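Single-structure report; data block below.
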Amino acid sequence: MESVLYLLERIADHMSENDASAISQILEHCSVLLSWKFVASQNGAKQLGKSLMDLLYSLQHLISTGKTADDQETLCMGLALMFMDVTGCTSNALKVLETYAGNRSSPLPVLDRVMQKCYNYFVNSGNPRNLRIHALRCVGQSLAVQDTDYMLKSLDQILIPRLRALQMIVEGRMATSSQSTQSLEEECVFELAVLSALIATQKPRSEASKDDIEFVESSQSDEKSPKTNVVYTILCQCLPLLLNLLRNFSSSEILVEKTCDVLRSGLIAAVQDESTQTLADSYCDILDFIILRHPSAACVLAKAMIFVM
């Protein structure tokens, strides 16, 4: 079966909407895997999972635009969730989950399972940090199409512990005072990557974005788009802390770059929200502080400000 999946993946780029019937048959055959039991460390399961995930990833653009997109996307994400537990296949499965969740413009029941499983993976400190961040992006993509109140509550639950950890580092109140500067730097880089990943996933989806623009233009109220309000809220929480972080670790090039990544992600995610204008002074304060010490990072951030604000 693995060899068949591999061959199908090789020709997936040459398939079109005219092959909808063939794609349906492929997915129908793949659905039987949901009833299989895999040993996480089994090499055969790893190879099968990788080939299947690569195939689902290659077919995403056709599946997500098909007439039965909801059902087929549910199946694909269900398969990816199953193969997340297979050793050596986690990265491939997360890639599929991020792609399918990231192309949704409306909620889907399976996204609740995606959020729960990926969040559990993220909070497990024994997992590789790069995969934990990848899992968090899947959580963020799944949250981006949910109700605004639910999004804000969920993001608070994720963000508050991360911001608290950064605050402790800034104030020098880490639990183990023997930690080296390098360890603190690595911890900061990880926490900043968490912020950047969450913020970047909250960009308005294409259809929702268009509707939000039309709504704001036709309304006399000050109500903002739900998606951009979320980004604005996160930025308001983070900016004072990020500025303090820069002041305390101004000599660390990597920390300055990662902090600027967070700020730039916020600008890009909130590109259609006029509320970002109210953050201009805070952004300028940060630029003023780093421009002479780290001109390269400052210029990249300044360029984003010029395009967005």
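Residue numbers (UniProt numbering): 1 to 309. Even glycine gets a Cβ: it sits at the ideal position worked out from N, Cα and C. Keep in mind it's a predicted model, so treat the numbers as computed, not measured.
- The beta carbons of Ile286 and Leu246 sit about 7 angstroms from each other, so the pair counts as a contact at 8 angstroms.
- Spatial neighbours of Pro109 in its own chain (CB-CB distance under 6 angstroms, excluding positions within 5 residues in sequence) are not present.
- Look at the region 62-100 and you find these whole runs of alpha helix (DSSP H), each 4 residues long or longer: 69-83.
- In terms of Cβ geometry, Ala135 and Lys203 do not form a close pair [threshold 8 angstroms].
- With a cutoff of 8 angstroms on beta-carbon distance, Leu155 and Leu198 are scored as near each other.
- With a cut-off of 8 angstroms on Cβ pairs, the region 116-126 is not in contact with the region 58-77, counting fewer than three such pairs.
- Taken in chain order, the complete alpha helix (DSSP H) segments of 4 or more residues contained in the region 245-308 are 253-269, 280-290, 295-308.
- Cβ contact annotation for Glu253 (same chain, cutoff 8 angstroms, sequence separation greater than five): His294, Ala297, in chain order.
- The alpha-carbon separation between Arg10 and Ile63 amounts to approximately 17 angstroms.
- CA-to-CA, the gap between Val262 and His29 works out to about 42 angstroms.
- For Ile169, same chain residues with a beta-carbon under 7 angstroms away, outside a window of 5 residues either side, are Leu184, Glu187, Cys188 in chain order.
- DSSP places Pro109 outside both helix and strand once states are collapsed to three, so it counts as coil.
- For Asn18, the three-state secondary structure derived from DSSP is helix.
- About 22 angstroms separates the Cβ atoms of Arg162 and Leu111, ruling out a contact at the 8 angstroms cut-off.
- With 16 or more other Cβ atoms inside 10 Å of its own Cβ, Arg132 counts as buried.
- It is roughly 10 angstroms from the alpha-carbon of Thr278 to the alpha-carbon of Cys236.
- Remark: C-beta atoms of Val4 and Lys46 do not approach each other more closely than 8 angstroms.
- Comparing alpha-carbon positions, the option among Lys153, Ser265, Arg113, Pro107 lying closest to Met84 turns out to be Arg113.
- For Gly140, the secondary structure class from DSSP, reduced to helix, strand or coil, is helix.
- For Leu94, the number of other beta carbons within 10 angstroms of its own is at least 16, and it is reported as buried.
- A Cβ-Cβ distance of about 7 angstroms is found for the pair Asp54 and Asn92, placing them in contact under the 8 angstroms criterion.
- Gly126 carries a coil assignment under DSSP once its states are collapsed to helix, strand and coil.
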